[in-house]
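Undergrad: Okay, here's the structure, questions in a sec.
Numbering (the numbering used here), first residue to last: 70 to 569.
What follows is the structure, encoded as structure tokens:
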């Protein structure tokens, strides 16, 4: 077994890990990023809907397991930039109320130990780092902010502009999606949408392009690809993390470090900790791996044969009229946003028995939407280990009444706007999207493993900068909140490094 040393080890190069690496790079500390995957190379597969959606060309290696022992393909894709390589570029701030503990029809979200105002400066930094396009003045639910977004909105295509006008005509308030997309650069490399497609270095403001590559330009930062972290190593008294153990090229290796930053994603991060000796340290609360959250999500499609959808990318606007309430003073329902353009090849992946040519013809007259409703934390929803098997015990669905109401409400709105035929598909819980909450933050170490900085209560040099610390999931995309929390944690780590 080989043992090497570094000052800071960061596990994962996605939104939380890459952002932390860039924030710490100017300190001069030696920073080693351990990434399970590799860099995605320029390839025809990257923009090929059949490769991405039908053949699952980029599906992660390895399996996770259900409690009954059934295996399924791991939900995370491992690569430089992590899951942001495939994201839709949506970079929302959580709404101000999301930090306060929102009451829902079937339960209450927990309040965070921090409030929106404490995170607002870091949101602003994250928006500059990820070059967010949009116009915060359009969204009636936008939280207080000192400045507008740094770049103007990604423009609606003609068909989408007409569709947006239909929704305005029935009294809704469509608003520009906050997007991390350099549209000109993206389209220069191919006339496709970006939602689900992994551009190599082609205009998507993902964690690799905006944070990892700039971090690696510093001589004190390096990345080890193909490094599968097995566990965190602790001192004999359990009060300090002293490094990690990982496998690379079939060999077990150890990396000693003064600071350990976990950012592998909410599910893998929990699994790494559960494989470590944590019962004497950060798991006094017994909460590591518990409270797994993933948004309740559906696709809703509206069809109107008179509507000609010749758009390329489509994903430019959202509707938050039902985010703070159901629109009539009742409990909140969630977020509605345009989905990346859906064509026959993409529809074929979900409808394999229908001819692709027919699906393609239908898709020329559809408008496609992605619906998010908040998932509430529950102890029974958890990550656990069975030997070396990662088990997702995730069968207790929460807040589904709100999601079903949102789906019905949006179908009614589509029909009112002239899309007289509608269809929907609820996402399965396997391979959960927008995963969060498995190592939550809180002020009491008896109920939360991490403090308000994402720092372990009883192991001061261990930090988590992915979505694991989330106390609630809200109902908007989590990426920008991950980046903001990571930047906030960087300040704490920087102080620790300066003190030696």
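Using N, Cα and C, we set each Cβ at its ideal position, and we do this for glycine too. No experiment lies behind these values; they were computed from the predicted model shown.
1) State the beta-bridge partners of residue 134 as determined by DSSP.
2) Grab the span of the beta strand (DSSP E) containing residue 442 for me, first residue to last.
3) Keeping to the same chain, check which residues put their C-beta closer than 7 Å to that of residue 140; ignore five residues upstream and five downstream.
4) Strictly by DSSP, which residues pair up with residue 176?
5) What three-state label does DSSP hand residue 230 in the structure shown?
6) With burial defined as no fewer than 16 other Cβ atoms inside 10 Å of the residue's Cβ, what is the status of residue 230: buried or exposed?
7) Should the segment 511 to 529 be regarded as contacting the segment 412 to 431, the criterion being three or more beta carbon pairs within less than 8 Å?
8) Using the C-alpha atoms, what's the distance from residue 120 back to residue 102?
9) For the beta strand (DSSP E) that residue 103 lies in, which residues bound it at each end?
10) Looking at C-alpha atoms only, which residue of 319, 350, 252, 169 is the closest neighbour of residue 529?
11) Going by the DSSP bridge assignment, what does residue 369 pair with across the sheet?
12) Residue 312 by DSSP, collapsed to three states: which one?
13) Do residue 149 and residue 107 have their CB atoms nearer than 9 Å?
14) Do three or more CB pairs link the segment 256 to 264 to the segment 226 to 244 at distances below 8 Å?
15) Assuming residue 274 contacts residue 158 under a Cβ cut-off of 8 Å, what Cβ separation, rounded to an integer in Å, is found between them?
16) Between which residues of its own chain and residue 122 is the CB-CB distance below 6 Å, once the five residues before and five after are set aside?
17) Going by CA-CA distance only, name the one from 104, 197, 187, 247 that's closest to residue 28.
18) In angstroms, rounded to a whole number, what distance separates the CA positions of residue 443 and residue 72?
19) Would you check if there are 3 or more beta carbon pairs closer than 8 Å linking the segment 273 to 291 to the segment 191 to 207?
20) Select from 354, 292, 88 the residue whose C-alpha is nearest the C-alpha of residue 512.
21) Where do the N-terminal and C-terminal ends of the beta strand (DSSP E) with residue 328 fall, by residue?
22) What does the Cβ neighbour count give for residue 154, buried or exposed, with the cut at 16 atoms within 10 Å?
TA: Based on what the coordinates show:
1) 140, 460
2) 435 to 442
3) 132, 134
4) 173
5) helix
6) exposed
7) no
8) 29 Å
9) 100 to 104
10) 350
11) 438, 493
12) strand
13) yes
14) no
15) 6 Å
16) 415, 418
17) The structure shown does not extend to residue 28, since the chain spans only 70 to 569, so no value can be given for it.
18) 43 Å
19) yes
20) 354
21) 320 to 331
22) buried
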